[in-house]
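For reference, the structure discussed in these notes is given below.
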Amino acid sequence: FPVTISTGAAGSRSGSTKDSRSLPASPRQPTYVKLDTFTVNLPPNRVSRELGAQYLQTDIFLRVLDMTVYDKIKEFLPVVQDRIITVLSLRPGEQLKTVGVKDIIGKEIALVVNSIVEPQLTAIYVLQQQPSRADLRHLVRIGAMPKDAAETVQTTQVAIEAAAQFWRIGETDLPVHGVLFKSFVLK
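Counting with this note's numbering, you get residues 3 to 189 for the letters of the sequence shown.
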């Protein structure tokens, strides 16, 4: 199976002589989901047309809330993989070499996976960010928002106001907390 799980816990304290009630509570250990290696063709640009086709190969870990998120990712794995491929293949190789692009791609991947695992919660979170119409179109393009979100401006504005007024959802409330790249090779 292409997904493996590991937790940040290094081991137990079985050799400790202290009473466990006197130990301070440890923070929740992160859970990581390792996905298969992704290899995607990149869209051409002026430079890549001269050099030939370019592709990106990357290994991705998702930092998730808990094992229930892993189960949902496993259940929807083909959709998750398809949306990640979409995100990875949008930018020409020239853009992938710029500083900060991996952070942007990581946030987009987290957003699309969250939209699969918890679509309503993710939609509320996105609307709270008060995205522009162009941002909404991009989110629709990568599959993080429903297709009609960018077209129904009046409904979207009402939803944005409701999301801002009634809910306070942060990134840590979403099931996927982060994306880590083990490798990010552009060829």
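Every residue gets a Cβ at the ideal spot worked out from N, C-alpha and C, and that includes glycine.
In this text the structure is predicted, and so the values were computed from the model without any measurement.
Same chain, Cβ closer than 7 Å to residue i, neighbours up to 5 away in sequence not counted
i, result
"threonine 88", "Ile144 and Gly145"
"phenylalanine 186", "Thr60 and Lys104"
"lysine 149", "Val142"
"leucine 67", "Pro177 and His179"
"isoleucine 171", "Leu123, Ile126, Tyr127 and Gln130"
Counterpart residues of residue i in DSSP-defined beta bridges
i, result
"threonine 205", "Because residue 205 is not part of the residues shown, which for the chain are 3 to 189, the question remains open."
"asparagine 43", "Tyr57"
"glycine 180", "Arg65"
"valine 187", "Gln59"
Pick from the options that is closest to residue i, judged by C-alpha positions
i, options, result
"proline 45", "Leu92, Val114, Pro121 and Tyr127", "Leu92"
"leucine 113", "Gln31, Arg65 and Leu188", "Arg65"
"histidine 179", "Ile86, Pro94, Thr100 and Val115", "Val115"
"glycine 108", "Val42, Asp175 and Leu90", "Leu90"
"glutamine 83", "Asp73, Gln122, Ala55 and Asp38", "Asp38"
"threonine 174", "Leu123, Gln132, Phe183 and Pro133", "Leu123"
"isoleucine 86", "Leu58, Ile171, Gln131 and Gln31", "Leu58"
"proline 121", "Val71, Thr41, Glu96 and Gln132", "Val71"
Whole-angstrom C-beta distance between residue j and residue i, which should lie under 8 Å
i, j, result
"valine 181", "isoleucine 62", "6 Å"
"leucine 188", "leucine 98", "6 Å"
"asparagine 47", "proline 94", "4 Å"
Own chain partners of residue i with C-beta closer than 8 Å, once the 5 adjacent residues on each side are dropped
i, result
"phenylalanine 78", "Ile118 and Val119"
"alanine 27", "Unreliable positioning characterises alanine 27 in this predicted model, as indicated by a pLDDT of 47, which lies under 50. A coordinate reading is not provided."
"methionine 147", "Ser117, Ala125, Val128, Leu138 and Leu141"
Burial state of residue i, where buried means 16 or more other Cβ atoms lie within 10 Å
i, result
"glycine 102", "exposed"
"glutamate 110", "buried"
"arginine 135", "exposed"
"tryptophan 169", "exposed"
"glutamine 56", "buried"
Own chain partners of residue i with C-beta closer than 6 Å, once the 5 adjacent residues on each side are dropped
i, result
"lysine 74", "Val119"
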